[in-house]
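Asker:
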Amino acid sequence: MQASIQIPATPELDYLLRLGDTCLISGQRLGEWCGHGPILEEDIALSNMALDLIGQSRALLTLAGQKSGKGFDEDQLAFLRDEGAYRNPTLAELPRGDFAFTILRNLVLSTWLKLIWERLRDSRDAELAAIAGKALKEARYHQQHAADWAVRLGDGTEESRRRCEAALAQIAPYLPELFEDDTVDAAAEASGLGPAWSSLREPWLAEMGEVLGEAGLALPESTKFRSTGKVGRHSEHMGYLLAEMQYLQRAYPGGAW
Amino acid sequence: MSVATASRVDAAWTALAEVLDPEVPALSVVDLGLVREVNERDDGLEVVLTPTYSGCPATELIEQNVLDAVVAAGLGPARVLTRRAPAWSSDWISEEGKRKLREYGIAPPGPALPEGAQPIRLVGRRTAAVPCPRCDSPRTEQLSAFGSTACKSLHRCLDCREPFEHFKPI
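So the sequence lines, in the order shown, correspond to chains A and B. Our numbering applies: residue 31 is where the first sequence begins, and numbers increase by one. Our numbering applies: residue 27 is where the second sequence begins, and numbers increase by one.
1) In this structure, how does DSSP classify Leu46(B) when only helix, strand and coil are distinguished?
2) By the DSSP assignment, the beta strand (DSSP E) with Gly50(A) in it spans what residues?
3) Please determine if the region 252-263 of chain A and the region 197-207 of chain A are in contact, where contact requires at least 3 C-beta pairs separated by less than 8 Å.
4) Could you pull the DSSP bridge partners for Ile132(B) from this structure?
5) List the residues of chain B whose Cβ lies closer than 7 Å to the Cβ of Asn78(A), in chain order.
6) To which residues does DSSP link Val61(B) through a beta bridge?
7) Kindly indicate if chain B contains any beta-carbon less than 8 Å away from that of Glu168(A).
8) Are any of the Cβ atoms in chain B nearer than 8 Å to that of Leu158(A)?
9) As a quick exercise: from Leu134(A), Leu124(A), Ala162(A), Ser34(A), pick the residue whose alpha carbon is nearest that of Arg149(A).
10) Rounded to whole angstroms, what is the Cα-Cα separation between Leu175(B) and Asn78(A)?
11) Can you tell me whether Pro135(B) is buried or exposed, with buried defined as 16 or more other CB within 10 angstroms of its CB?
12) Just to confirm the assignment, what range does the alpha helix (DSSP H) spanning Gln174(A) have?
13) So does the region 165-175 of chain A actually touch the region 207-224 of chain A, counting three or more Cβ pairs closer than 8 Å?
14) Buried or exposed: where does Asp306(A) fall if 16 or more other Cβ atoms within 10 Å of its Cβ makes it buried?
15) What residues from chain B crowd round Ile74(A), counting only those whose CB sits closer than 9 Å?
16) Where DSSP assigns a beta bridge to Lys178(B), which residues make up the other side?
17) If the cut-off is 8 Å on Cβ atoms, which residues from the region 215-235 of chain A count as contacting chain B, listed in chain order?
18) Given that Lys164(A) touches chain C, what residues does it touch there, using C-beta distances under 7 Å?
19) Does DSSP put Gln32(A) in a helix, a strand or coil?
20) Could you check what DSSP says for Cys194(A) in three-state terms: helix, strand or coil?
21) Would you say Ile196(B) faces chain A, with C-beta separation under 8 Å as the test?
22) Scan the region 83-96 of chain A for residues whose Cβ lies nearer than 8 Å to a Cβ of chain B and list them as they occur along the chain.
Right, here's the structure in full:
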């Protein structure tokens, strides 16, 4: 079996991996819908978004690999890290749930990603700024898709509304992690690499409020629970996700098609 | 630029105009605006490409096809350089490219949205109708925002009743 790689812990690398792993793990979850979408068009839509997200993560992980000082490439970073070395917030790894859950998580994450890409266009790192310029166009398309469905389902039947409310109740405890700073944010803000995540909170709340208001939905009150995926302490779901995602490269090192 | 260099660069552009996009084989990589520059460097020709979508699965194949075409035209050695910024826009598709798209049955993109963030559209979600590439009717509707490839959405014509694809304006 292919052994795991060890990555150095620097604030700069952590900041890039938090973003890159959010795209990677969201892409993996959306990819699970391929062949399972409620209708063909949505099967295609979710798979397309998975492709965009994995493409974004490829660019970010390549950049992170260059900054690791160890010459790691995107594939090594995607497939050969242990669970504790992934830096995505826990929300991204939660099981895909039903269509309502997927749509509302997409709304949360695509809105968040759109806002951070917008800011990252001004990163002092030219490569990160270039990745952001491209990804922003994609994220706003994803957000529009999620917003269309959130309104349609929230303002739909009793059943679709019930499922949306259940999804939001499940998502809400994982939201604070997207907007609380630590030393990684402080370093990124100081160096001009990117914005502190806390600065995304207000614009995110405004855009979410706009969509959820139209959908007749609301975010539940926040709770005291704090998820910790971005520091490498993941939920019980992450190991299963990685087992499926990494299996091929672990069992057949360097396997290509 | 010497005459020899200019003609090598021109010859490369001519060769690249024959390299078709694997997913929209009606158009060449030049029609699509993927080729940004061709430069003569000390170690050979350098072709600068800008990818369309982050996750486009054809990116690597396009790079290889570009390289093969330049070498096959006797212009090697050559290398491909990927440039992400400025991000590719459907506005870079040439007029010739848009005409070829329409003939192929894909509605060409209108002007791209301005750079940067856009407000979320919550009312009037169905954007300005895309004219049907078969019968030119403006009475069409969007079936899905995503299509068979990352760059297209699905529509149908309410007059000739044919479904068609639209190259997304980005």
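Using N, Cα and C, we set each Cβ at its ideal position, and we do this for glycine too.
Answerer: Straight from the coordinates:
1) In the second sequence, counting from the first residue as 1, residue 46(B) sits at position 20. Residue state, collapsed to three classes: strand.
2) The residue labelled residue 50(A) in the question sits at position 20 within the first sequence. Premise fails: Gly50(A) lies in the alpha helix (DSSP H), 41-61, not in any beta strand (DSSP E).
3) yes
4) Indexing the second sequence from 1 puts residue 132(B) at position 106. In DSSP, Ile132(B) forms a bridge with Glu191(B).
5) Locating residue 78(A) in the first sequence gives position 48, where the first residue counts as 1. Ordered by position in chain B, the residues that pass the 7 Å Cβ test against Asn78(A) are Phe172, Ala176.
6) As a first step, residue 61(B) is located in the second sequence; it is residue number 35 there, counting from the start. Val61(B) pairs with Leu75(B).
7) Locating residue 168(A) in the first sequence gives position 138, where the first residue counts as 1. Yes, Glu168(A) counts as interfacial toward chain B.
8) One-based indexing of the first sequence puts residue 158(A) at position 128. It does not: the Cβ of Leu158(A) has no partner Cβ on chain B nearer than 8 Å.
9) Taking the first residue of the first sequence as 1, we reach residue 149(A) at position 119. The candidate whose alpha carbon is nearest that of Arg149(A) is Ala162(A).
10) On the second sequence, position 149 is the one that residue 175(B) refers to. On the first sequence, position 48 is the one that residue 78(A) refers to. The sequence given here has Thr at residue 175(B), not Leu. Each residue's alpha carbon lies about 7 Å from the other.
11) The sequence position of residue 135(B) within the second sequence is 109, counting from 1. When all chains shown are included, Pro135(B) counts as buried.
12) The count along the first sequence starts at 1 and reaches residue 174(A) at position 144. Counting along the chain, the alpha helix (DSSP H) containing Gln174(A) begins and ends at 156-184.
13) no
14) Residue 306(A) lies beyond the range of chain A shown here (31 to 287); nothing can be said about it.
15) To locate residue 74(A), count along the first sequence from 1; it is residue 44. Near Ile74(A) (Cβ distances below 9 Å), the residues of chain B are Ser170, Phe172, Gly173, Ser174, Leu180.
16) Position 152 of the second sequence, counting from 1, holds the residue named residue 178(B). Paired residues: Phe193(B).
17) none
18) Within the model displayed, chain C is absent; protein chains A and B are what it includes.
19) Translated into positions along the first sequence, residue 32(A) becomes position 2. Residue state, collapsed to three classes: coil.
20) The residue given as residue 194(A) occupies position 164 in the first sequence. Three-state DSSP puts Cys194(A) in a helix.
21) Counting from one through the second sequence, the residue named residue 196(B) turns up at place 170. Output row for Ile196(B): interface = yes.
22) Leu83, Ile84, Gly85, Gln86, Arg88, Ala89
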